[in-house]
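> Residue numbers (the working numbering), protein chains in the order written: chain A, 1 to 300; chain B, 1001 to 1227; chain C, 2001 to 2715.
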Amino acid sequence: MANSSFEEKLNSDGFLVTTEIGPPKGADVSEMVHHVDLLKDKVDAINVTDHQSSVMRFPSLGGCLLVKEHGGEPIIQITCRDRNRLAIQADLLFAYSRGVTNVLCLTGDSIDVGDHKEAKPVFDLDSVQMLNMAREMESGRDMSGNELKGVPQFCLGASVHPEADFIEPQLVKFEKKVSAGAQFFQTQGIFDLESIRRFMQYASQFNVKILAGIIVLASARMARYMNENVPGIIISQAIIDELADVEKGKGLQKGIEIAARFIKTIREEHLCHGVHIMAVGNEAIVPDILEAAQPAGVRR
Amino acid sequence: MIVAEQKSVEEIRRVIAPYDTVLLLGCGTCVTVCGAGGEREVSFLSSALRVAQTKSSDAIHSLVEYTVKRQCDFEFLHVLVDRVKEVDAILSLGCGIGVQVVAERFSEIPVLPGVNTSFMGMTKEWGVWDERCAACGDCRLAETAGICPITRCTKGILNGPCAGTKNGKCEANKEMDCAWVLIYKRLEKLQELEKIRRYYPPRNFRVIPRPRRIVVKAGSEPGEDNG
Amino acid sequence: MPGNEPEIRSALADGTIENHRPRRIKGASDKHTLTPPCQAACPLHMEIGQYVDLVAQGKVLEALQVIRDGNPFPSICAYVCTHPCEDACRRNQVDKPIAIRALKRFAVEFGGDRMIQLEAETTHTEKVAVVGSGPAGLACAYYLRKLGYPVTVFEAYSELGGMLRVGIPQYRLPREVVDTEVQRLIHMGVEIKANTRIISLDLLLDMGYKAVFITVGAHQSIRMGIPGEDSPGVIDGATFLREVNLGLRPSLGEGVGIVGGGNVAMDAARAAVRLGANNVTVLYRRSGTEMPASPDEIEQASEEGVKTMFLVAPTKVKRENGRLSVTCVQMELGEMDAGGRRRPVPIEGSEFDMQFDTLITAIGQAPQLSEDFRLRIGRGSTIEIDPVTLTTSRTGVFAGGDAVTGPATVTQALASGRQAASRIDDYLRHRYPLASREAEESSLGELFPKTIEMIRRVERLEPPFLSPEARVKEFDAVELIYDWEAAVNEARRCLRCGMGAEILFQDKCATCLTCLRVCPYHVPYLDDGGTIQIPAEQCQACGICVAECPAKAIVLRKPYDRRHIEAELEHVLKSAAELKSKTLIVGFCCQYGLFGTGALASLWREGKAGIWIVPVLCVAKLEERHLLRAFEMGAEGVFIAGCGDQCSRENTAFWVLQRVDRTRRALSQIGLEPERLQTFNLRSAEEDVAEALDNFTQQIAGLCLASIVEQEVKS
């Protein structure tokens, strides 16, 4: 029994496409709403990021409500960085009550990379513990074992990092997340298809869905910057060179091309179960990527 | 041991500004070892403050120097009784514990901190100290091959690593090793990798409520006389 | 090494710390500085470490003072002492020993020893007679005179000095040197009676002398005991040298043979060369390693053309056709004798003949005593004495020098004379002799390999010598004197044994291991009980751990070293305040090496306005509080000038820079520009210090002006 339309699609064999939108740094949600409208019918679900890179923003939960209001399928991202176990359990209850049942459980980037470097990092839980906790709630109890009045149900996901330079501990973590109840995984940005192939050789033994993360790069400089500063991103020199080769102003075009190329290959070769497109800051071009990634088409 | 760093001379000047005669009190144990508050540092600080006084138009303080063996035990402070009568304030270069014990003992005058107590750690080499213990009260080093994830992992998570590790280093500080990579490798060496495959439930953040107290003496109620 | 960070020892990373158990130094706590081996080996126990250090600082006058405190005739020792101190010098374990004797010569010459006049008062009535004017006799006279006794020295020959005069050739000890000392004694009031041979002690005692010191030396050559020994052309070495030294030039012919292997044999050989003999051969019955002559002598003799044949001894001499035919036999070394040397044994049938014009015997000397003295005589015809009181078998009659020991060194004779003066004083004042400092032993053992490893090898600088060609022409002094640069640099090689650091306040020590980690020589270690030990015998006295110890538990053993910077600084600050120097700049300058005497010396002399120099004994001892104190007392600028990588100790520049960095940070927190503190020459030897200092002075003046303007603007 699926808890959401997204979960339904998860349980089917179709190629999944999700994307994410980043909320504004402020109370003006007009642009975010515009992106929701733009994308809601083109993808299977939309993640709303949660203080991505530890930069304070309009909350994921609020963004998911807006997605829901406008007819889209939201995936809420909850990190362990900013909330303790009481707050997370409360948010989960609230999300469920408003029909937001797809949850991506993340540990969260460290405070130091963000714009409020003096804030107190919470990390009361980590992602594995959060998954466990959510499943616990589904069985009618809170973390302390108290009975819940009104029991939530979720479709739970987590992240994984197939391109990590030292892969073994990441696989240990992946397995723990699967045991803890994750149903789907959105990976960190993939820039080398070989790594997803290798990863899938190992991951296909588990009954979970893997969506390869596709990051849209706009320039060589952006690629280099992300390499240096964004946690979990490793972009190969080949890609950087490809971006560097184009003339000024055509960087984004190139980025779209690269992304579409990845998506096509993944779909055609059935490398994994789908893709998760990350064009944060450039949400408007996601339809172009999808367009370019045809022929099989993902339009509903 | 406890590692501290001396506060800047300007901060100390601000803090002692209202007082005429100040006792600069060093401590001969932890802060001596980490070079922040021993007799040598008391002497250095005294010299620096005196230079500051000659160069500024601020009121002149009279500075007294003394270093006790330890500040965290009352008995070591008896020797100060007469000296304290002659001063208006004490600037303690001891760790936070020392400052508070001295303040409790000599509650009639202000006792001010001269160092920032930073962490419990080890000496890596001369002049370099690394944090090693957070005093979490629930030591789990048995599970992590003797490497503490609470202090050495920036996020302090128990089921690590996170995705932010690159080249074995932490996303927050590229010079710091990722603790979980270290833990994995050492467990591998010890052939105890199943320890990292276990699920570790959320931490008990309060073994007992703060301020914490440990009682070894039999027959006394905890919570008595917490003043 | 410039530019390189020193390896700061990590106790953990090293992993190979041995837990040593060196001998605990007896009484180390009650006597801080330990007797260095050089001082212990010196028969006079001179404070060698002290004066070498003073030479290293360029303080020649003070060095000479220390020397004169311990030695009555430093000018003589400077020429001919056999330097047991150099043999005991621990630098031997690293490379070559310090050239102590040559440094003493330098101090004597450049310190103006010749100019020093001595005075003495007569405070006692008891007259003392000294029989023999050799080194022991002269020393005894000197010390007795200083104690206030009327002293008469009796000398059988016309010339004074004993072996100094008739034994040691002039190219080793010029006669003016001995004459100067004798004149000084006369000026002090010592009565000299030359050409007076004492035959009867009773006569002396009748003359009213209350005590007599017999020190007639050992001038009687020992006979070889072979047939033909009395043939014309065979002369004994002592007589030969006496004649040469008295100005006679005996004709020796071309071929000269010397029998013997001691210094007398060498002296005779080298004198023969100077008298024109072209073919001089020394015949020694043992091998080269057993030869008692000093290695310097042997080397110089060889340079001058003297040949040596080992393991040969003459058995017969015959005069034939105006020449001597000497039959010699080869020897081999057999059993050990009582003296610890292997006895030479003739090899049957190995006789051979050698032809000489002159044969000189120098196989040993013995004292020649009048029977009327009625003293108990011992082995080798020497006088027997009580080892504590130094009295002979007759009350009031003392003896010392070669007459008691047999042929020995000049310095030993001086020590004997000094001791005798003490004993005679005790005797005349009816005191039992106190245990003297004569029995000083060095408790410093050997350097550890890991310490030796870290000591930079520096070649020993020898004083210049006349070339062998120049030497053999005349009897001029062979050895010349160091120049300043060489002397100072040679003195800096000293390891400062026993003057190093110790943990004085064990209760303050927090065992933080800083000293262990910062020591460039790996000296401090953790013993089995977890206590830090700083073994005195390994410490190189650099002072780094003293300054770095966070608990201030470590001090240098020499009390002067401990507070010298504070004392000098306070003195300078006080003087500067009194003279109201404008724009006061304080410079901490190393005293050692060329620094103290060279580059900055000129600055001191010029007395540049406002610059006050605080001399420090190595900048490694400078701490932040010294620098801050200068600022506190009104200095506008402070500089540190050190020897850089010429420093005789390792890593010193690195530590100074650490402290300078810290002080600069404190200065900027106080509102003073960090540029007010500068260092010179700490890294580069090529830096033109005078120019850099000029720039610095201008910069400080600029900063002062700026701050005055700022003040004006504010108000």
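Built from N, CA and C at the ideal position, the CB exists for glycine as well.
Across which residues does DSSP place Ala-2484 of chain C in a beta bridge pair?
The residue given as residue 2484 of chain C occupies position 484 in the third sequence. Just to set this straight, residue 2484 of chain C is Trp in the shown sequence, not Ala. In the DSSP output, where bridge partners are listed per residue, Trp-2484 of chain C has none listed.
> Anyone know if the C-beta pair for Ala-2620 of chain C and Ile-2532 of chain C falls short of 8 angstroms?
Taking the third sequence and counting its residues from 1, the one referred to as residue 2620 of chain C is at position 620. Taking the third sequence and counting its residues from 1, the one referred to as residue 2532 of chain C is at position 532. Not a contact, by the Cβ cut-off of 8 angstroms.
> Give me, in chain order, the residues of the same chain whose beta-carbon lies closer than 6 angstroms to that of Arg-2649 of chain C; leave out the 5 immediate sequence neighbours on both sides.
As a working note, residue 2649 of chain C is residue 649 in the third sequence. Once the five neighbours on either side are set aside, the close Cβ partners of Arg-2649 of chain C are Cys-2542.
> Going by the DSSP bridge assignment, what does Lys-2096 of chain C pair with across the sheet?
Your numbering for residue 2096 of chain C matches position 96 in the third sequence. In DSSP, Lys-2096 of chain C forms no bridge with anything.
> Kindly indicate which three-state DSSP category Ala-2353 of chain C falls into: helix, strand or coil?
Here the question's residue 2353 of chain C lines up with position 353 in the third sequence. Residue identity differs from the one stated: residue 2353 of chain C is Asp in this sequence, not Ala. Looking at Asp-2353 of chain C - three-state DSSP - the assignment turns out to be strand.
> Give the residues from the segment 2549-2569 of chain C that approach chain B closer than 7 angstroms (Cβ to any Cβ), ordered along the chain.
Within the segment 2549-2569 of chain C, the residues whose Cβ lies closer than 7 angstroms to some Cβ of chain B are Cys-2549, Pro-2550, Ala-2551, Lys-2552, listed in chain order.
> Here's a check: name, in chain order, each residue in its chain whose Cβ is nearer than 6 angstroms to the Cβ of Ala-2139 of chain C, leaving out the five neighbours to either side.
To locate residue 2139 of chain C, count along the third sequence from 1; it is residue 139. Once the five neighbours on either side are set aside, the close Cβ partners of Ala-2139 of chain C are Pro-2072, Leu-2414, Gly-2417, Arg-2418.
> Say whether chain B places a C-beta atom closer than 8 angstroms to the C-beta of Thr-2035 of chain C.
Residue 2035 of chain C sits at position 35 when you count from the first residue of the third sequence. No, no contact with chain B.
> Kindly indicate which three-state DSSP category Phe-2448 of chain C falls into: helix, strand or coil?
Residue mapping note: residue 2448 of chain C aligns to position 448 of the third sequence, counting from 1. Of the three classes helix, strand and coil, the one that applies to Phe-2448 of chain C here is coil, per DSSP.
> Short of 7 angstroms Cβ to Cβ, which residues in the segment 2648-2674 of chain C face chain B?
From the segment 2648-2674 of chain C, only Ala-2666, Gln-2669, Ile-2670, Gly-2671, Leu-2672 have a Cβ closer than 7 angstroms to chain B.
> Where do the ends of the beta strand (DSSP E) carrying Met-2336 of chain C lie?
By 1-based counting over the third sequence, the position of residue 2336 of chain C is 336. 2323-2336 is the extent of the beta strand (DSSP E) around Met-2336 of chain C.
> Quick one: residues in its chain with C-beta nearer than 7 angstroms to the C-beta of Lys-264 of chain A, no 5 flanking neighbours on either side, listed in chain order?
For the purposes of this step, residue 264 of chain A is identified with residue 264 of the first sequence, where counting begins at 1. Closer than 7 angstroms at the Cβ level, and outside the excluded window around Lys-264 of chain A, lie Ala-293.
> Compile a chain-ordered list of the residues in the segment 119-131 of chain A whose CB is closer than 8 angstroms to at least one CB of chain B.
Cβ contacts with chain B come from Pro-121, Phe-123, Asp-124, Leu-125, Asp-126, Ser-127, Val-128, Gln-129.
> Measuring straight from C-alpha to C-alpha, what distance separates Leu-2504 of chain C and Ile-2534 of chain C?
For the purposes of this step, residue 2504 of chain C is taken as residue 504 along the third sequence, with counting starting at 1. For the purposes of this step, residue 2534 of chain C is taken as residue 534 along the third sequence, with counting starting at 1. Rounded to the nearest angstrom, the two C-alpha atoms are 10 angstroms apart.
> Excluding the 5 residues preceding and the 5 following Ala-2040 of chain C in the sequence, name in chain order all residues of the same chain whose CB lies nearer than 8 angstroms to its CB.
By 1-based counting over the third sequence, the position of residue 2040 of chain C is 40. So the qualifying residues of the chain are Ala-2088, Glu-2440, Glu-2441, Ser-2442.
> Since Cys-1095 of chain B and Val-1111 of chain B should fall inside the 8 angstroms C-beta cutoff, what is the C-beta to C-beta distance between them, to a whole number of angstroms?
The sequence position of residue 1095 of chain B within the second sequence is 95, counting from 1. The sequence position of residue 1111 of chain B within the second sequence is 111, counting from 1. Not really, about 13 angstroms apart at Cβ, beyond 8 angstroms.
> Considering Trp-1180 of chain B, what are the terminal residues of the alpha helix (DSSP H) in which it resides?
By 1-based counting over the second sequence, the position of residue 1180 of chain B is 180. It spans 1179-1190 - the alpha helix (DSSP H) in which Trp-1180 of chain B sits, taken as one unbroken run.
> Leaving out five residues before and five after Asp-2236 of chain C in sequence, what residues of the same chain have Cβ atoms less than 6 angstroms from its Cβ?
Translated into positions along the third sequence, residue 2236 of chain C becomes position 236. Closer than 6 angstroms at the Cβ level, and outside the excluded window around Asp-2236 of chain C, lie Ser-2221, Thr-2361.
> For a test of the three-state rule: what should DSSP assign to Arg-2249 of chain C, helix, strand or coil?
Taking the third sequence and counting its residues from 1, the one referred to as residue 2249 of chain C is at position 249. Coil at Arg-2249 of chain C, not helix or strand.
> Against Val-1181 of chain B, what residues of chain A qualify as contacts under a CB-to-CB distance less than 7 angstroms, listed in chain order?
As a position in the second sequence, residue 1181 of chain B is number 181, starting the count at 1. Per Cβ cutoff of 7 angstroms: Phe-166, Pro-169.
> Which of the three DSSP states, helix, strand or coil, is assigned to Tyr-2427 of chain C?
To locate residue 2427 of chain C, count along the third sequence from 1; it is residue 427. It is helical.
> On the three-pair Cβ rule with 8 angstroms, is the segment 237-245 of chain A touching the segment 277-291 of chain A?
As far as the Cβ criterion goes, the segment 237-245 of chain A does not touch the segment 277-291 of chain A, which means the pair count is below three.
> According to DSSP, is Phe-2631 of chain C part of a helix, a strand, or is it coil?
Walking along the third sequence from the start, residue 2631 of chain C turns up at place 631. Three-state result, Phe-2631 of chain C: helix.
> With DSSP run on the structure shown, which of helix, strand or coil describes Ile-1214 of chain B?
Stepping through the second sequence from its first residue, residue 1214 of chain B is reached at position 214. Looking at Ile-1214 of chain B - three-state DSSP - the assignment turns out to be coil, as it is neither helix nor strand.
> Would you tell me roughly how many angstroms separate the C-alpha atoms of Val-2656 of chain C and Leu-2034 of chain C, rounded to the nearest one?
Looking up residue 2656 of chain C in the third sequence gives position 656. Looking up residue 2034 of chain C in the third sequence gives position 34. Distance between the alpha carbons of Val-2656 of chain C and Leu-2034 of chain C: 28 angstroms.
> If I follow the unbroken alpha helix (DSSP H) through Met-32 of chain A, where does it start and stop?
The count along the first sequence starts at 1 and reaches residue 32 of chain A at position 32. Per DSSP, Met-32 of chain A belongs to the alpha helix (DSSP H) from 30-39.
> Three or more C-beta pairs closer than 8 angstroms, one from the segment 2472-2480 of chain C and one from the segment 2166-2184 of chain C: is that the case here?
Contact between the segment 2472-2480 of chain C and the segment 2166-2184 of chain C is present, because at least three Cβ pairs lie under 8 angstroms.
> Pick out whichever of A:Arg-198, A:Asp-28, A:Thr-107 has its Cα sitting closest to the Cα of Pro-1202 of chain B.
As a working note, residue 1202 of chain B is residue 202 in the second sequence. Cα-wise, what sits closest to Pro-1202 of chain B is A:Thr-107.
> How should Ala-2470 of chain C be labelled, buried or exposed, when 16 other C-beta atoms within 10 angstroms of its C-beta is the threshold for buried?
Counted from its first residue, the third sequence places residue 2470 of chain C at position 470. That one is exposed.
> Do we get a CB-CB distance below 8 angstroms when we pair Thr-2514 of chain C with the residues of chain E?
This model lacks chain E altogether; the protein chains it does include are A, B and C.
> Does DSSP put Trp-1126 of chain B in a helix, a strand or coil?
For this step, residue 1126 of chain B is matched to residue 126 along the second sequence. Reduced to three states, the DSSP call for Trp-1126 of chain B is coil.
> Quick one: is Ile-1147 of chain B near chain A, going by C-beta distance under 8 angstroms?
For the purposes of this step, residue 1147 of chain B is taken as residue 147 along the second sequence, with counting starting at 1. No, Ile-1147 of chain B does not count as interfacial toward chain A.
> Within 10 angstroms of the Cβ of Lys-1217 of chain B, are there 16 or more other Cβ atoms? Answer buried if so, exposed if not.
Locating residue 1217 of chain B in the second sequence gives position 217, counting from the first residue. It counts as exposed.
> On the CB-based measure, 16 or more other CB atoms within 10 Å of its CB, does Pro-2037 of chain C come out buried or exposed?
The sequence position of residue 2037 of chain C within the third sequence is 37, counting from 1. By the neighbour-count rule (16 or more Cβ atoms within 10 Å), Pro-2037 of chain C is buried.
> I'd like to know if the segment 1119-1131 of chain B and the segment 70-78 of chain A are in contact, where contact means that at least 3 CB-CB pairs between them fall below 8 angstroms.
They do not touch, by the three-pair rule.
> Strictly below 8 angstroms CB to CB, what residues from chain A border Arg-1197 of chain B?
Locating residue 1197 of chain B in the second sequence gives position 197, counting from the first residue. Going along chain A in sequence order, the residues near Arg-1197 of chain B (Cβ under 8 angstroms) are Val-172, Glu-175, Lys-176.
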